[in-house]
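Trainee:
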Amino acid sequence: MRLIDQLHDAQQRNDSWLCVGLDPNPELIPPGVSLEEFCRTIIDATHDLVCAFKFNLAFFLAYGPGGMAVLADMIALVSADIPVILDAKFGDIDYTAQQQVRIAYDVLKARAVTLTPYVGIEGILPFLSNPDALAIVLVRSTNRFGNDFQTWPSAESPLYRYVTAEINTLEQRYPGQVGLSAAATLPRDLARIRSWAPNLPLLIPGVGAQEGDLRTAVQHGSARAGVGPIISISRAITYASRDRDFGRQAQAAAQKWVEDIRHERAALRT
Numbered sequence: 051m052r053l054i055d056q057l058h059d060a061q062q063r064n065d066s067w068l069c070v071g072l073d074p075n076p077e078l079i080p081p082g083v084s085l086e087e088f089c090r091t092i093i094d095a096t097h098d099l100v101c102a103f104k105f106n107l108a109f110f111l112a113y114g115p116g117g118m119a120v121l122a123d124m125i126a127l128v129s130a131d132i133p134v135i136l137d138a139k140f141g142d143i144d145y146t147a148q149q150q151v152r153i154a155y156d157v158l159k160a161r162a163v164t165l166t167p168y169v170g171i172e173g174i175l176p177f178l179s180n181p182d183a184l185a186i187v188l189v190r191s192t193n194r195f196g197n198d199f200q201t202w203p204s205a206e207s208p209l210y211r212y213v214t215a216e217i218n219t220l221e222q223r224y225p226g227q228v229g230l231s232a233a234a235t236l237p238r239d240l241a242r243i244r245s246w247a248p249n250l251p252l253l254i255p256g257v258g259a260q261e262g263d264l265r266t267a268v269q270h271g272s273a274r275a276g277v278g279p280i281i282s283i284s285r286a287i288t289y290a291s292r293d294r295d296f297g298r299q300a301q302a303a304a305q306k307w308v309e310d311i312r313h314e315r316a317a318l319r320t
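Following the numbering used here, the numbering of the sequence shown begins with 51 at its first residue and continues without gaps.
See below:
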């Protein structure tokens with residue numbers, strides 16, 4: 051099954067657009083809890099509430115070789131009917147990108163990966179070698195300030211608009227294989243990106259701890275073909291408690307976010 055179809059099925063089955071992000075920070079994990087126990091508990095507590103899980107590669111790399119082993123184990127732990135996104139933000143020339151493809155698809159067994167487009171289409175094409183996978187290209191990041199490259203050279207014609215247009219064109223050659231990452235922390239820009247790319251699935255980070263606009267994410271998140279947004283929330287769920295009840299509290303927080311998303315969806319229908 052293609053990742054895009056798996057995503058649609060998971061959204062329908064769990065009636066959820068929520069993606070739980072795992073960014074295991076040793077400074078925030080409850081004392082005495084191992085990396086493996088933390089991740090396993092979060093996955094077990096939220097698997098029936100999500101449409102996807104997103105694993106942030108950098109946080110696992112920070113644990114060294116053991117962190118990579120846990121990452122591979124946790125990806126394997128996720129139910130086969132729930133999409134797994136490797137949040138790696140890979141982006142390099144073809145020669146290096148080929149190895150990044152191996153890491154994502156062959157070593158870690160993820161079937162969706164985030165990419166940065168600065169080197170151009172050359173850094174994206176290798177990830178389209180697997181017709182069942184999904185390459186999610188960053189066009190607008192969550193940081194409200196300091197992302198000057200994305201807005202260059204002008205507010206009317208920013209670089210992220212050009213990137214969006216290029217990915218739109220790429221999608222025509224590789225239907226169902228590419229998506230965009232656009233942050234809810236910049237709601238006006240998120241709405242513009244959706245208007246420029248009505249058919250592409252959107253990964254929407256920034257809701258939760260970064261206080262992005264959930265209403266805009268829901269209103270402008272769905273693709274024309276019917277795939278809903280992948281609304282990614284990490285810290286507001288995984289660190290809902292720093293005590294031994296962190297799994298139960300993460301489940302409660304995830305349930306609340308699912309209900310909030312459903313409420314916004316219902317409001318759009320009235």
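Where is the CB? At the ideal position from N, CA and C, for every residue including glycine. Just so we're clear, the structure is a prediction, and the values are computed from it rather than from any experiment.
#1: Nearest to Val-169 by CA position, among Ser-129, Ile-143, Ser-284 and Arg-242, is which residue?
#2: Counting only the same chain and skipping the five closest in sequence on each side, list residues whose C-beta sits under 7 Å from that of Ser-322.
#3: Looking at Thr-266 and Leu-240, is the spacing between their C-beta atoms short of 7 Å?
#4: Using the three-state DSSP reduction, which class does Thr-320 fall into: helix, strand or coil?
#5: If contacts are defined as beta-carbon pairs under 8 Å, then Ala-160 and Val-120 qualify, I think. What distance do you get, rounded to the angstrom?
#6: Is Arg-152 helix, strand or coil by DSSP?
#7: Among the candidates Arg-152, Val-157 and Leu-136, whose CA atom is the shortest distance from the CA of Leu-165?
#8: Here's a check: name, in chain order, each residue in its chain whose Cβ is nearer than 8 Å to the Cβ of Asp-94, leaving out the five neighbours to either side.
#9: At the level of alpha carbons, what is the spacing between Ala-292 and Tyr-113?
#10: On a Cα-Cα basis, can you pick out the residue from Trp-246, Ala-183, Ala-233 and Arg-312 that is closest to Gly-258?
#11: When you compare only the Cα positions, how much space is there between Glu-172 and Phe-140?
#12: Might you give, ordered along the chain, the residues of its own chain that have their beta carbon closer than 7 Å to the beta carbon of Leu-127, omitting 5 neighbours on each side?
#13: What residue range is occupied by the uninterrupted alpha helix (DSSP H) comprising Thr-192?
#14: Are the CB atoms of Gly-262 and Thr-288 nearer to each other than 7 Å?
#15: In the DSSP assignment, find the beta strand (DSSP E) that holds Asn-6 and state where it starts and stops.
#16: Along the chain, where does the alpha helix (DSSP H) containing Gly-271 start, and where does it finish?
#17: Since Ile-283 and Leu-184 should fall inside the 8 Å C-beta cutoff, what is the C-beta to C-beta distance between them, to a whole number of angstroms?
#18: Cα separation between Thr-219 and Asp-65?
#19: If you run the structure through DSSP and keep just helix, strand and coil, what is Gly-297?
#20: Hey, out of Gln-260, Gln-222 and Pro-255, whose CA is closest to Gly-248's CA?
Mentor: The relevant details are as follows:
#1: The sequence position of residue 169 within the sequence shown is 119, counting from 1. Selection Ser-129, Ile-143, Ser-284 and Arg-242 evaluated against Val-169 yields Ile-143 as nearest (Cα-Cα).
#2: Past the boundaries of the shown model lies residue 322; the chain is included only from 51 to 320, so the question cannot be answered.
#3: By one-based count along the sequence shown, residue 240 stands at place 190. By one-based count along the sequence shown, residue 266 stands at place 216. Yes, these two residues count as a Cβ contact at 7 Å.
#4: As a working note, residue 320 is residue 270 in the sequence shown. Here Thr-320 sits in coil by DSSP.
#5: As a working mapping, residue 160 is identified with position 110 in the sequence shown. As a working mapping, residue 120 is identified with position 70 in the sequence shown. At roughly 14 Å, the Cβ-Cβ gap does not stay under 8 Å, so Ala-160 and Val-120 are not in contact.
#6: One-based indexing of the sequence shown puts residue 152 at position 102. Judged by DSSP in its simplified three-state form, Arg-152 adopts helix.
#7: What you label residue 165 is simply residue 115 of the sequence shown in a count that begins at 1. Ranked by Cα distance from Leu-165, the first of Arg-152, Val-157 and Leu-136 is Leu-136.
#8: Position 44 of the sequence shown holds residue 94. So the list reads Gly-297, once near-sequence residues are dropped.
#9: The sequence position of residue 292 within the sequence shown is 242, counting from 1. The sequence position of residue 113 within the sequence shown is 63, counting from 1. Looking at the sequence itself, residue 292 is Arg, so the reference to Ala does not match. Going from the Cα of Arg-292 to the Cα of Tyr-113 covers about 19 Å.
#10: As a position in the sequence shown, residue 258 is number 208, starting the count at 1. Ranking Trp-246, Ala-183, Ala-233 and Arg-312 by Cα distance to Gly-258 puts Ala-233 first.
#11: Here residue 172 refers to the residue found at position 122 when the sequence shown is read from its first residue. Here residue 140 refers to the residue found at position 90 when the sequence shown is read from its first residue. As the crow flies, the alpha-carbon of Glu-172 is around 12 Å from that of Phe-140.
#12: Here residue 127 is taken as the residue at index 77 of the sequence shown, counted from 1. Excluding sequence neighbours, Leu-127 sits near Arg-90 and Ile-93.
#13: For the purposes of this step, residue 192 is identified with residue 142 of the sequence shown, where counting begins at 1. For Thr-192, no alpha helix (DSSP H) encloses it, and the DSSP letter there is neither H nor E.
#14: Position 212 of the sequence shown holds residue 262. Position 238 of the sequence shown holds residue 288. No; because the gap between Cβ atoms is not below 7 Å, this pair is not in contact.
#15: The structure shown does not extend to residue 6, since the chain is modelled only from 51 through 320, so no value can be given for it.
#16: The residue given as residue 271 occupies position 221 in the sequence shown. Per DSSP, the continuous alpha helix (DSSP H) segment holding Gly-271 begins and ends at 264-271.
#17: Counting from one through the sequence shown, the residue named residue 283 turns up at place 233. Counting from one through the sequence shown, the residue named residue 184 turns up at place 134. The Cβ separation is near 19 Å, so there is no contact.
#18: Counted from its first residue, the sequence shown places residue 219 at position 169. Counted from its first residue, the sequence shown places residue 65 at position 15. C-alpha separation (whole angstroms): 31 Å.
#19: One-based indexing of the sequence shown puts residue 297 at position 247. Looking at Gly-297 - three-state DSSP - the assignment turns out to be helix.
#20: For the purposes of this step, residue 248 is taken as residue 198 along the sequence shown, with counting starting at 1. Looking at the sequence provided, one finds Pro at residue 248 rather than Gly. The candidate whose alpha carbon is nearest that of Pro-248 is Gln-222.
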